[in-house]
Structures are given as C-alpha cells and as structure tokens.
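Novice: Following the working numbering, the numbering of the sequence shown begins with 282 at its first residue and continues without gaps.
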Amino acid sequence: MSKKEEKNKISGSEKMEKIVSLCKRRGFVFPGSEIYGGLANTYDYGPLGVELKNNIKKVWWKYFVQDRDDMTGIDGGIISSAKVWEASGHVQNFKDPLVECKKCHHRFRPDKLKDASKCPDCGGGFTEPKSFSLLFKAMIGPVEDDQVLAYLRGETAQNIFINYKNVLNSTNKKMPFGIGQIGKAFRNEITTGNFIFRTLEFEQMEIEYFIKPDSDWNKQFEEWVDYIHGFMDVIGLNRKNMVDHEIDKKDLAFYSKRTIDMEYQFPFGQDELWAIAYRTDYDLTQHQKYSGESMEYFDDEEGKRYIPHVLEPTFGVDRTVLAVLSEAYEEEKLPDGETRVVLHLAPSVAPYKVAVFPLLKNKPELVAKAREVLAILKKEFNVFWDDRGNIGKRYRYQDEIGTPYCVTVDFDSLEKGTVTVRDRDTMKQEAVEISDLPIYLYKKTSGLY
Ligand code: GAP
Numbered sequence: 282m283s284k285k286e287e288k289n290k291i292s293g294s295e296k297m298e299k300i301v302s303l304c305k306r307r308g309f310v311f312p313g314s315e316i317y318g319g320l321a322n323t324y325d326y327g328p329l330g331v332e333l334k335n336n337i338k339k340v341w342w343k344y345f346v347q348d349r350d351d352m353t354g355i356d357g358g359i360i361s362s363a364k365v366w367e368a369s370g371h372v373q374n375f376k377d378p379l380v381e382c383k384k385c386h387h388r389f390r391p392d393k394l395k396d397a398s399k400c401p402d403c404g405g406g407f408t409e410p411k412s413f414s415l416l417f418k419a420m421i422g423p424v425e426d427d428q429v430l431a432y433l434r435g436e437t438a439q440n441i442f443i444n445y446k447n448v449l450n451s452t453n454k455k456m457p458f459g460i461g462q463i464g465k466a467f468r469n470e471i472t473t474g475n476f477i478f479r480t481l482e483f484e485q486m487e488i489e490y491f492i493k494p495d496s497d498w499n500k501q502f503e504e505w506v507d508y509i510h511g512f513m514d515v516i517g518l519n520r521k522n523m524v525d526h527e528i529d530k531k532d533l534a535f536y537s538k539r540t541i542d543m544e545y546q547f548p549f550g551q552d553e554l555w556a557i558a559y560r561t562d563y564d565l566t567q568h569q570k571y572s573g574e575s576m577e578y579f580d581d582e583e584g585k586r587y588i589p590h591v592l593e594p595t596f597g598v599d600r601t602v603l604a605v606l607s608e609a610y611e612e613e614k615l616p617d618g619e620t621r622v623v624l625h626l627a628p629s630v631a632p633y634k635v636a637v638f639p640l641l642k643n644k645p646e647l648v649a650k651a652r653e654v655l656a657i658l659k660k661e662f663n664v665f666w667d668d669r670g671n672i673g674k675r676y677r678y679q680d681e682i683g684t685p686y687c688v689t690v691d692f693d694s695l696e697k698g699t700v701t702v703r704d705r706d707t708m709k710q711e712a713v714e715i716s717d718l719p720i721y722l723y724k725k726t727s728g729l730y
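#1: Using 8 Å as the threshold, is the C-beta distance between Leu624 and Glu681 below it?
#2: Alpha carbon to alpha carbon, what distance is there between Glu583 and Val605?
#3: Determine the DSSP secondary structure at Asp351, reduced to helix, strand or coil.
#4: Could you have a look at Phe375 and say whether DSSP puts it in helix, strand or coil?
#5: Since Trp555 sits in a beta bridge, which residues does DSSP pair it with?
#6: Just to check my reading of the structure: Trp366 and Tyr432 have Cβ atoms closer than 8 Å, yes? What is that Cβ distance to the nearest angstrom?
#7: List in chain order: all unbroken alpha helix (DSSP H) runs of 4+ residues lying wholly within the region 283–351.
#8: Quick one, which of Asp542, Tyr326 and Glu484 has its alpha-carbon nearest Ile509's?
#9: Is the region 403–423 in contact with the region 367–379, if contact means three or more CB pairs nearer than 8 Å?
#10: Three Cβ pairs or more, each shorter than 8 Å: is that satisfied between the region 324–343 and the region 626–642?
#11: Among the candidates Arg479, Asp552 and Asp348, whose CA atom is the shortest distance from the CA of Thr323?
#12: Have a look at the DSSP bridge pairing and note the partners of Ala649.
#13: Determine the burial state of Tyr676: buried for a count of at least 16 other Cβ atoms within 10 Å of its Cβ, exposed for fewer.
#14: Skipping 5 residues on each side, what residues in its chain have a beta carbon closer than 8 Å to that of Glu504?
#15: Let me know if Ser294 comes out buried or exposed under the rule of 16 or more other beta-carbons within 10 Å of its beta-carbon.
#16: Could you please give me the residues that DSSP links to Tyr723 through a beta bridge?
#17: Any heavy atom of the ligand GAP closer than 7 Å to the Cβ of Trp498?
#18: Return the residue from the list Asn440, Met297 and Asp325 that minimises the CA-CA distance to Asp356.
#19: For the alpha helix (DSSP H) that contains Leu565, what are its first and last residues?
#20: So if DSSP puts His590 in a beta bridge, which residue, or which two residues, is it bridged to?
#21: Mark Arg705 as exposed unless 16 or more other C-beta atoms lie within 10 angstroms of its C-beta, in which case mark it buried.
#22: For the ligand GAP, is there any heavy atom lying closer than 7 Å to the beta carbon of Trp555?
#23: Exposed or buried, Asp235, counting other C-beta atoms within 10 Å across all chains shown (16 or more means buried)?
#24: According to DSSP, Asp580 sits in a beta bridge with which residue or residues?
#25: Identify whether Lys411 lies in helix, strand or coil by the three-state DSSP scheme.
#26: Rounded to whole angstroms, how far is the Cβ of Gly459 from the Cβ of Glu489, which I believe are closer than 8 Å?
#27: What are the boundary residues of the alpha helix (DSSP H) that Tyr686 is part of?
#28: Report yes if the C-beta distance between Ala656 and Pro639 is below 8 Å; otherwise report no.
#29: Got a sec: does the ligand GAP put a non-hydrogen atom nearer than 7 Å to the Cβ of Arg501?
#30: Any contact of the region 542–556 with the region 518–526, i.e. 3+ C-beta pairs under 8 Å?
#31: Apply the 10 Å Cβ neighbour rule to Gln710 and answer buried if 16 or more other Cβ atoms are within range, or exposed otherwise.
#32: So is Ile492 buried or exposed if we call it buried at 16+ other beta carbons inside 10 Å?
#33: Exposed or buried, what is Ile463 when buried is set at 16 or more other beta-carbons lying within 10 Å of its beta-carbon?
#34: What's the C-alpha gap between Glu574 and Asp581?
Shown next as structure tokens:
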C-alpha cells in the first residue's frame, strides 16, 4: 500500500459507520420499526437495497440452480409443523448459551464476550450460563387454549429434506442431484450489533446436494468448495478477502461431520459469510424415523435402495449484501482535492446498471431525446432517470449508489445521434451512437451474467 493510500485508509469501525449511514441516507437499509424507537436486530430494505438483494438472489439462482443440470429448486413455507423441528433435532439442540448481568439484566452469549467475567455494559457479574432455544414459536389458531404449536423455520434446509421425495417423484433427477431454495429464516438471536450481519429474520440461499452413501463425499465436498469460490467472482467479491475455516470436530453443529465456514473480512473483523457442511444421512434418517415415510431412494443403475447422504452449501443473503457493500465502498481522493464516495459494485448486482440524464432540464428537445433513450434502455436494463441539479452532482449521486454507467444526452445527440457515456470507476467519458447503446452497455455490464 502506498503512503497516499495508507493516509486515505479509514478504520474498520469508521468504515462500518459510513456504510450504515450511506445505507440509510440513500435507501439501501433502514432500521426496523424505526418510528417506534426501533426493534433491535431487525432491518427493512429500501428502494436500492431491494434491488441489490434481488440481484444477488437472481445471480445465485442462475449460477447454482439454472446453470447446472444436476440442480433444481423449490420454494417452501416459512411456518412448519413442530414435528419437522423435533425430527431435525432443532428443538433439542438448536440452542445458544446465555448469561444475564445480575445488575443491569442485559443478556449475552458468553462465547461472544471479550471478558466473560464481567458485563461490558455496567461491569456487573453474570448468572450461570443457561441454554435457550433459537427457534421462534408460532401459535396457530384463534382460540388460545386450542392453539397448535408450529415453528418459523430456523433454516430453509428442512423444507428441502421434507420435500425431497416429492421432488424425486415429480422430476427426472437421478443421484447425485441437488435442490436449491431461497427464503426467510428466523432465529431468536441475542448477540446484537454489526448491522445486518446477525438479525432475527434473514434470508438464506441453501442447497441440499444428495449423493450416494458409498461415493467419495470428500471429493464432492471439495468440488463444491471450488464452485462456491467461483460465485465470489460473479458478485464482485475479491477472493483474497475470504478465508476457508475448517471447523474443529468438537465445534461442529449437531448434524455435521465436516464443515468449512467461509469467512469474509468484514470491516468489523473476519466472520462467517457462507458455509458448506457434510450432513451425512442424518436429516433424512431422522425424518424417516419421525414421519414413518420411507426416505429411501431406489438407484436403478445399481439396483439397490439407500438413504442418500447430503452436502450442504449455505449462504446468508443479508451477509452477502453486507460483504458486497463493504468490498465496493471507497472514499476516493480526486486530483482536485475533493473526495468522492463510490460503490464499485459489480454490474451483476448494482441496483441500476445505467442512469440517463438530459444535459439541461430546461431544453425540451434535450429532455425529449433523453426520454427516447430512456425508453430504449428500459427494455433491457434497470435505468435511473435524473434531471435534477447539475451533471457533476448527478455523477456523484450515481457513484454513491454504484451505478456503473451514466449516459448524458447533449446537443451532439440532437445533431449527430451520439450520447456521452461515463464510466463510474475510471470516470472516463466516450461518445457512443444511440443505435449502438444497448449492445455497448450489454457488453459492459453482462460480465459473467
Ligand atoms: N442450514 C445450515 C445453516 O443454517 P448456519 O451456519 O446456521 O447453517 C447458514 O447458517 C448461513 O445463514 C450463515 O452462513 C449466514 O450467512 C446466515 N445466517 C445465519 N444466522 C444468521 C443471522 N442471525 N442473521 C443473518 N444471517 C444469518
């Protein structure tokens, strides 16, 4: 790192604060229930956040489900029978330890405390650790005494296990094959902080990949690790910022025989972004036992029946949003001494791929031409229209929300049929024929996707 870069570098906590503030200011993420004083660990996504999040989910689905012949998908329900969670072991085992400060009654996870002997808020002593369930209960039925207990899903994975037979019976899938799913999961987390990193309600993108029990699971595990690394390129995360952390046998989740946590260097420190686990035949065997339904697969090539084993790549959508924003955020010192805030988002995930401006708002012929260009581009891209303020201010705004290209309609557009295209990262401008514009932008923004 050069001396100049070193000088411009901001600390992790400062960067985190700036990202949180940008998210609020520009409409990526808002604190949950804000007008009522907020609700800890909940957030709402704003107009830009929903676009970014949808793009991440869209490219994930394409890369992991649609691009592979051995994959298919489902979209299961959020509320599920309590029996699902009894069978999966979550009712018994999905628990975190908790200590309570005897003085201020704040609660903490002892494994997340820097000093486990005294309260970080008031210095008080702690109660003995107790374990508490992360599952959210949902009571079904209007009459209180007669309600049926269900759970909000603690992971999307269980929908896949309980539907694996339905998928097999309704498709032509053969072993090995996988089922992907994107959707909300809920956990009664007590560790607070770090913005959208750990929340009560979040989205997961999960795959259960079913394999033959006697196949080389480790080899397939490693192939998935490589394939997952490829997804970093798709969404613009630098592979150097990710560390594969092999989880110690003693720390494995109750269902796992091997897990790698893929840890990203977030501004607040290195922590789990994604993971891959070998869940063996644990879940299907449990569901067979509890439901009485056979979970066996008849392998017609080998002429035998078995319960498949499972590899599970899992991804948090919200953590991916945070990683993508952290990677993209830069405060760049310009030669004229000014600083510009820029999000170098990959075009695959940027909320808007392009912005269109008329050079001047008060020239109807420019505005009309710019609207024509907007209509052409809208057929292909999500396009931002802006005719406020001056061009410099519009560029700064687009830089801050990560729009890769700005197209200005000027007098040359009327005379020569060209527009000025400005690149967010290099800030270079070039003239492009309006008729070539969709192809030009398509080539620039499609990348891997
Ligand atoms: N099905 C396996 C499973 O749920 P996990 O490691 O507990 O494994 C998977 O969660 C992913 O879900 C994590 O890697 C993380 O990205 C995301 N995640 C888990 N808890 C979260 C929370 N409270 N807030 C946001 N994301 C969370």
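For glycine and all other residues, C-beta sits at the position ideal for the given N, C-alpha and C.
None of the values given here were measured: they were computed from a predicted structure.
Specialist: Reading off the structure:
#1: In the sequence shown, the residue the question calls residue 624 occupies position 343. In the sequence shown, the residue the question calls residue 681 occupies position 400. Yes, they are a contact pair.
#2: Counting from 1 along the sequence shown, the entry for residue 605 is found at position 324. Counting from 1 along the sequence shown, the entry for residue 583 is found at position 302. Each residue's alpha carbon lies about 44 Å from the other.
#3: Mapped onto the sequence shown, residue 351 falls at position 70. If DSSP states are grouped into helix, strand and coil, Asp351 belongs with coil.
#4: As a first step, residue 375 must be located in the sequence shown, where it is residue number 94. Reduced to three states, the DSSP call for Phe375 is coil.
#5: Numbered from 1 along the sequence shown, position 274 holds the residue referred to as residue 555. Met543 and Phe596, per the DSSP bridge assignment.
#6: Walking along the sequence shown from the start, residue 366 turns up at place 85. Walking along the sequence shown from the start, residue 432 turns up at place 151. With 8 Å as the limit, Trp366 and Tyr432 qualify as a contact, their Cβ atoms being about 5 Å apart.
#7: 284–289, 293–307 and 328–342
#8: Residue numbering aside, residue 509 sits at position 228 when the sequence shown is read from its first letter. Selected option, being the one with the closest Cα: Asp542.
#9: yes
#10: yes
#11: Residue 323 sits at position 42 when you count from the first residue of the sequence shown. Checking every option, the nearest Cα to that of Thr323 belongs to Arg479.
#12: Residue mapping note: residue 649 aligns to position 368 of the sequence shown, counting from 1. The partner list for Ala649 (beta bridge, DSSP) is empty, contrary to what the question assumes.
#13: In the sequence shown, residue 676 corresponds to position 395, counting from 1. Buried, since its Cβ has 16 or more Cβ neighbours within 10 Å.
#14: For the purposes of this step, residue 504 is identified with residue 223 of the sequence shown, where counting begins at 1. Cβ within range, chain order: n/a, list empty.
#15: As a working note, residue 294 is residue 13 in the sequence shown. Looking at its Cβ environment, which holds fewer than 16 other Cβ atoms inside 10 Å, Ser294 is exposed.
#16: Counted from its first residue, the sequence shown places residue 723 at position 442. BP columns for Tyr723 are empty, so no partner.
#17: In the sequence shown, the residue the question calls residue 498 occupies position 217. No; taking the cut-off as 7 Å, the Cβ of Trp498 has no heavy atom of the ligand GAP nearer than that.
#18: The count along the sequence shown starts at 1 and reaches residue 356 at position 75. When each option's Cα is compared against that of Asp356, the closest is Asn440.
#19: To locate residue 565, count along the sequence shown from 1; it is residue 284. Per DSSP, Leu565 belongs to the alpha helix (DSSP H) from Tyr563 to Ser572.
#20: Here residue 590 refers to the residue found at position 309 of the sequence shown. Bridge partners of His590: Ile492.
#21: For the purposes of this step, residue 705 is identified with residue 424 of the sequence shown, where counting begins at 1. Counting Cβ neighbours within 10 Å, Arg705 comes out buried, since at least 16 surround it.
#22: Taking the sequence shown and counting its residues from 1, the one referred to as residue 555 is at position 274. Yes, the Cβ of Trp555 comes within 7 Å of a heavy atom of the ligand GAP.
#23: Any answer about residue 235 is impossible in this case: the structure gives the chain only from 282 up to 730.
#24: Here residue 580 corresponds to residue number 299 of the sequence shown, with the count starting at 1. Paired residues: Lys585.
#25: The sequence position of residue 411 within the sequence shown is 130, counting from 1. Of the three classes helix, strand and coil, the one that applies to Lys411 here is strand, per DSSP.
#26: The sequence position of residue 459 within the sequence shown is 178, counting from 1. The sequence position of residue 489 within the sequence shown is 208, counting from 1. Right, their Cβ atoms sit about 6 Å apart.
#27: Counting from 1 along the sequence shown, the entry for residue 686 is found at position 405. Note, Tyr686: premise wrong, no alpha helix (DSSP H); beta strand (DSSP E) at Tyr686 to Val690.
#28: Counting from one through the sequence shown, the residue named residue 656 turns up at place 375. Counting from one through the sequence shown, the residue named residue 639 turns up at place 358. Taking 8 Å as the Cβ cut-off, Ala656 and Pro639 do not qualify as a contacting pair.
#29: In the sequence shown, residue 501 corresponds to position 220, counting from 1. Looking at the sequence itself, residue 501 is Gln, so the reference to Arg does not match. No; taking the cut-off as 7 Å, the Cβ of Gln501 has no heavy atom of the ligand GAP nearer than that.
#30: yes
#31: Indexing the sequence shown from 1 puts residue 710 at position 429. Exposed.
#32: Taking the sequence shown and counting its residues from 1, the one referred to as residue 492 is at position 211. Ile492 is buried by the Cβ-count criterion.
#33: Along the sequence shown, one-based indexing puts residue 463 at 182. Burial call: buried.
#34: As a first step, residue 574 is located in the sequence shown; it is residue number 293 there, counting from the start. As a first step, residue 581 is located in the sequence shown; it is residue number 300 there, counting from the start. Cα to Cα, the separation comes out at about 20 Å.
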